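Residue numbers (the numbering used here), protein chains in the order written: chain A, 314 to 827; chain B, 3 to 339.
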Amino acid sequence: MTGATQDAHASLLEVVGATKHYPGVLAVDDVSLSIEAGQIVGLVGKNGAGKSTLIKIIAGAEQADEGHLRLNGERLELHRPHDATVAGLAFVHQDLQDVGDLSVAENVMLGLGYPRRMGVLVDWAELRRQAADALARLEADIDPREPVGDLSAAQQRLVMIARGLVQKARLLVLDEPSASLTDEEIEHLFAVVRRLRDDGISVVYVSHRLEEIFELTERVIVMRNGRLVADEPTESLDRASLIFHIAGREHAQTAVQRRTSRGIGDRPDTETVLEVGGVSAETGVRDCSFDVRKGEILGLGGLMGSGRTELVRAVFGADRRQEGTVRVNGTPIFGRDPAESMAAGLALLPEERKTQGNIMDFSVRNNITLASLDRHRIGRRVPAPSGRSEKRAADARIGRLSIATPDDRQLVRLLSGGNQQKVVIAKWLEQGADVLIFDEPTIGVDVDGKEGIYDIMEELAAEGKAVVFISSEFSELVGVCHRVLVLSEGRIVGELEAEAVTEPAIVEICYSQH
Amino acid sequence: MSEPASPSLSRPGSGRRSKGFDLLKFVSRYGVVITLLASILIFSILNDRFLEADGIRTSLNLGSPLLMLALGLTAVLAMGDFDLSVTGLQSAAGAMVVILIVNHDWTWWLAVLAGLLLCVFAGSLNGALVSYAGMPSFITTLATGLILIGVRYEIADGRNITGSRDLPDIYRDFGVGKPEPWLELNTPVWIAAGLAILMWLLMSKTEMGRYMYAIGGNPEAARLSGINVRALRAAGFTLVGFMALFAAFTSTARSASAVADSGFSTLLGAYAAAFLGAAASKRTLFNVPGTVLGVIFLQAVDRGLILEGYSTGVRDIAKGCILLLAMAFTRLGASRQ
């Protein structure tokens, strides 16, 4: 592993024809690339473009269905993450994976074999010394004895990079390392990355902040829909061309076609049903205000972590609000709990259908009627559900939404992901709110299913309901929404309406905020 | 059994591949019932006194307080919580009621009312700590149960309190009386049966019961569907308090004393019954008919082994093994799906 003679700019790691399928999704589609020794390469693309899956393949956390890896020209087989560590590939993930209660030194050395005395006892002094050496190379002023949980986000990332140094990594992958770092901390991070490059270590730098890509990297790889769509020297690109690669054109075209064919234009000139004023929450939502009218479909766009889910949760009362007002049909709701919002006519279809949307061990029928059980009583004042009434309602929804299930008594656990999502939708249609917030309803749903969900939202709007639609696939927003708000770092940073709703425009706002 | 979704048993040929008789599936589905029937058969062959009506009546009477406790537990278990304070509560409330009558000359019903206040208070405290303060139910109720056992020892000097002379007949009738000449069952059995029916209605026939199972299935999804998760979880612990009072009342009335006992084996018995009941149900959910079956099972095994002259220790070992076996059957079925 050490002392390998490497020519400058010889190919260190090659990915050859990597392809990875997940059920219903082609996450990585025949990607080939080569990373040279001592080079800083930027990797960019929207959420769901395939970056994370590609990184997981290189990390040995996922196996490619097709294709292979080469390290220094030799075939590299990764069966588990440990194999990648041994091969000299190190990863600093977006969500930090260190163990908060353990000290810095223990974290740096975690999984790399602690130095020992007499075979069994950990040599703590030697452990701290090795960790301190690695941290010193990064000019990180961190006490190896401190618990990692007490460090700042920037310091924790340096600890993870130090781990890579101790394992004598030749390739370091940094996934969104600058998130939640101050400008000064980012400068230090950049300095560290450049020094590593000068030492001959290759760095793959994943970021949504295009300024950082232009400042730091020598080469940029752009992924879109699982494919590698651009691999060029950074200096040959400018901001506009990079955004063009990220957003793509073919997708945007069909979305615009859908938009025009459906005649989606200005927001309807009707009364306001949902008013949100200055909402802030501990989850990172800051001073958000917007309103939605009857018959309107409002899109919420933004990158992962931009605060869209957090905003609607705070509006619905799923999370506590610190500040701000919410009114539904003029009724103020105080955000005590979801039941209060539901009584006022607000519904939230949560993002995580398994953990938040459905009771997986309930039948389809019982899930569909769960939020409106008091309408299926055996007598008006007898709080006991009538199975017959529930069945009638459930069967009707199963038919309308074409939920693929043998019958209404099938456990939701046994349905496919897309059908589970339809059950969540059925529950809230049955509940009959005036304002429905759909949080990423199309994730894991196939093309036909997606079209069906757009139709449902449009029907609801046509009935005079208001719809809020969150999606990370911006083309969906373009194809469906009258108006789109773009969020970044918990704030509403842009608003597009009518003809201005285009995918490049949304991407532009997302990426111009950093 | 009484799953919230489908109150009926497995429907014949409901979407399953019918590949003839599948022994493993059959055993994992009906293991508890089969074992119960087998034990009854074996015990009745070994000893013809096993099926004597009088003995069965005594056994049912002895099992009634256990069923009351297990019914309360079924409700909290269905919502994914534990209550380990239930026998501490029973023992403290029992001692308090008997002492108030015997040593302080309280009218019996006033003393019972005082016991009820204690139980509702302690149950609600558990509920508030777990549901509103967010403390883990297992350790919280372990602590409150320990406190209650300590209180019981302090107020009674750690001794049994006998009241065979001072407890009024009307009080004792709640333990040994036979209100209905038909069947000649003792009062506690009727009370337990009534409570079981009420709990069964609550858990499998009402909106509240549906919500309780929803909470047990996924508390976050239940909350986002507008269910008041906190209030229901807290109510479950208060319900346990009610059941503990009934158990304390009927057991002190039967023995005319409050026994100085930590109630540890009763606690395990009540949990065993509830878990056996879940293992006996199609979707392994805690449910009232299952819990009733579990109590009958444990009482039958107890009685059979007593008739064979086995000691308490052997009986506990046997019951422990049965519980393990029931869980193993259930896992066997689950792992094959």
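C-beta atoms are modelled at their ideal positions from N, C-alpha and C, and glycine is treated no differently. Predicted, not measured: the structure shown is a model, and the values here were computed from it.
Taken in chain order, the complete beta strand (DSSP E) segments of 3 or more residues contained in the region 155 to 208 of chain B number zero; there are none.
Among the bridge pairs identified by DSSP, A/Ala504 is matched with none. Counting only runs of 4 or more residues that sit fully inside the region 372 to 444 of chain A, the alpha helix (DSSP H) segments are 394 to 399 and 417 to 422, in chain order. At a cut-off of 8 Å between C-beta atoms, B/Ser227 counts as an interface residue with respect to chain A. For A/Val486, the uninterrupted beta strand (DSSP E) run begins and ends at Leu484 to Asp488, by DSSP. By the criterion of a C-beta distance shorter than 7 Å, A/Arg580 is surrounded in its chain by Arg606, Glu609, His795, Arg796 and Glu810, once the five residues flanking it on both sides are discounted. In chain order, Asp604 and Arg640 place their CB closer than 6 Å to the CB of A/Glu588, counting only its own chain and leaving out the 5 sequence neighbours on each side. With contacts defined by Cβ atoms closer than 8 Å, A/Glu764 and A/Ser784 do not form a contacting pair. When rounded, the separation of the alpha-carbon atoms in A/Val433 and A/Ile368 is 35 Å. In the three-state reduction of the DSSP assignment, B/Met137 falls in the coil class, being assigned neither a helical nor a strand state. Ranked by Cα distance from A/Ala657, the options A/Arg649, A/Pro460 and A/Pro663 are led by A/Arg649.
Proximity of the region 219 to 234 of chain B to the region 663 to 670 of chain A meets the contact definition, three or more beta-carbon pairs being nearer than 8 Å.
Rounded to the nearest whole angstrom, the C-alpha separation of A/Arg633 and A/Ala594 is 7 Å. Taking the Cα positions, A/Gly462 is about 22 Å away from A/Val486. Between the region 379 to 388 of chain A and the region 352 to 367 of chain A there are fewer than three inter-stretch CB-CB distances shorter than 8 Å, so the stretches are not counted as touching. If you draw a 10 Å sphere on the C-beta of A/Asp674, you find 16 or more other C-beta atoms in it, and that means buried. The bridge partners DSSP lists for A/Thr644 are A/Val641. The region 69 to 89 of chain B makes contact with the region 137 to 149 of chain B; the number of CB pairs closer than 8 Å reaches 3 or more. Here the alpha carbons of B/Met201 and B/Leu112 stand approximately 26 Å from one another. As computed with DSSP, A/Leu662 is found in a beta bridge with A/Phe751. Contact of B/Arg235 with chain A by beta-carbon distance below 8 Å is absent, the smallest such distance being about 14 Å. The beta carbon of B/Tyr273 sits closer than 7 Å to those of Leu75, all from its chain and outside the five residues before and after it, given in chain order. For B/Gly147, the closest Cβ of chain A is not nearer than 8 Å.
Spanning the alpha carbons of B/Ser139 and B/Asn128 requires a straight line of approximately 8 Å. By the beta-carbon neighbour count (other beta carbons within 10 angstroms, threshold 16), B/Gly315 is exposed.
For A/Ala331, the pairing in a beta bridge is given by DSSP as A/Val344. Residue nearest to A/Arg388 within the set A/Arg575, A/Arg705 and A/Val329 is A/Val329 (criterion: CA-CA distance).
A Cβ of chain B is located within less than 8 Å of the beta carbon of A/Gly670.
Its Cα nearest to that of A/Leu326, the residue A/Ile371 stands out among A/Ile371, A/Gly355, A/Leu339 and A/Val338. Of all residues in the region 347 to 374 of chain A, none comes within less than 7 Å of chain B when Cβ atoms are compared.
CA-to-CA, the gap between A/Ser801 and A/Ala492 works out to about 12 Å. For A/Leu661, the neighbours in chain B by C-beta distance under 7 Å run, in chain order, Leu226. DSSP, reduced to helix, strand and coil, places B/Thr268 within a helical segment of the structure shown.
For A/Pro698, the chain B residues whose C-beta falls within less than 7 Å of its own C-beta are Glu209 and Arg212, listed in chain order. Note on A/Met431: under 16 other CB atoms within 10 angstroms of its CB, so exposed under the neighbour-count rule. Around the CB of B/Ser253, 16 or more other CB atoms lie within 10 Å, so the residue is classed as buried.
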